[in-house]
Amino acid sequence: TLGFTFTRTGTAEGSHTPIGDARLFVDTTQVAELAEMRVHPGTFGLAGATLSVGRNTGSPVSNAFRAPFPFTGGT
Numbered sequence: 002t003l004g005f006t007f008t009r010t011g012t013a014e015g016s017h018t019p020i021g022d023a024r025l026f027v028d029t030t031q032v033a034e035l036a037e038m039r040v041h042p043g044t045f046g047l048a049g050a051t052l053s054v055g056r057n058t059g060s061p062v063s064n065a066f067r068a069p070f071p072f073t074g075g076t
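Note that our numbering has the sequence shown beginning at 2, numbered continuously upward.
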């Protein structure tokens with residue numbers, strides 16, 4: 002299981018950009034961290050598309066690709 006936490010520590014000066022500490026987990030084990038990460042303050046996408054992990058819920062890239070086409074090859 003892939004996990005991610007973001008703890009906001011502030012805002013970039015002169016903007017609305019959140020700054021914080023990020024941690025990446027595999028199962029319950031922390032495998033990476035990044036201090037003072039800047040993130041986009043919102044989400045956006047053409048036709049309502051958003052970030053997905055392990056599946057695609059948006060428009061297919063070709064007629065041979067049918068959403069949600071979940072990823073099943075990993076461990």
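All C-beta atoms, glycine included, are put in the ideal place defined by N, C-alpha and C.
On a predicted model such as this, the values are computed, not experimentally measured, just so you know.
Nearest neighbour of residue i, chosen from the options [CA to CA]
| i | options | result |
| --- | --- | --- |
| residue 37 | 12, 16 and 25 | 12 |
| residue 40 | 19, 5, 6 and 29 | 19 |
| residue 31 | 7, 17, 15 and 43 | 7 |
Residue i - DSSP class collapsed to helix/strand/coil
| i | result |
| --- | --- |
| residue 27 | strand |
Opposing strand residues paired with residue i [DSSP bridges]
| i | result |
| --- | --- |
| residue 37 | Beta-bridge pairing links residue 37 to no other residue. |
| residue 11 | 20 |
| residue 6 | 24 |
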